[in-house]
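Residue numbers (this note's numbering): 302 to 430.
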């Protein structure tokens, strides 16, 4: 595994751990935001490992396509990537953040966290060793 890939994975794991901490502290909006960041970074790690150029995007669907794994995914995982993508941008800015905070409660945050962990593991298994 390339060193740059290892760095992407380390950052992704850090973000995944942060998502867990945000859940524990009741900061549910940031569970989804950090989950999005974790998946984005591990996908970018795979792209680099496979010799590709990292796209300057937060769109998880596009990144999964660029990593060559989107077509391998179950439809529910494709849907999850599409659902998680907006948290990269919208959770950072005023009105969007306020609206998202109103809809993400404990149950939804737990769901996002669990799905993010599953997706992270599924993606990580596909990294060439």
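Ideal placement from N, C-alpha and C gives every residue a C-beta, glycine not left out.
Quick one: measure Cβ to Cβ for residue i and residue j, integer angstroms, because I've assumed they're closer than 8 angstroms.
i: residue 414; j: residue 321; result: 7 angstroms
i: residue 373; j: residue 428; result: The Cβ separation is near 14 angstroms, so there is no contact.
i: residue 385; j: residue 356; result: Between residue 356 and residue 385 the Cβ distance is about 16 angstroms, and since that is not below 8 angstroms, they are no contact.
Using C-beta distances below 6 angstroms, list every residue in its chain close to residue i, excluding the 5 sequence neighbours before and after it, in chain order.
i: residue 395; result: Confidence at residue 395 is low in this model, with a pLDDT of 49, below 50, so its placement is unreliable and the value that follows should be read with caution. Hits under 6 angstroms: none found.
i: residue 424; result: 343
i: residue 379; result: none
i: residue 389; result: 337, 359
i: residue 371; result: 365
Buried or exposed, going by whether 16 or more other CB atoms sit within 10 Å of the CB of residue i?
i: residue 326; result: exposed
i: residue 422; result: exposed
i: residue 346; result: buried
i: residue 305; result: exposed
Spatial neighbours of residue i within its chain, please: CB distance less than 8 angstroms, with the 5 preceding and 5 following residues excluded, ordered by chain position.
i: residue 329; result: 323, 402, 405, 406, 407, 409, 410
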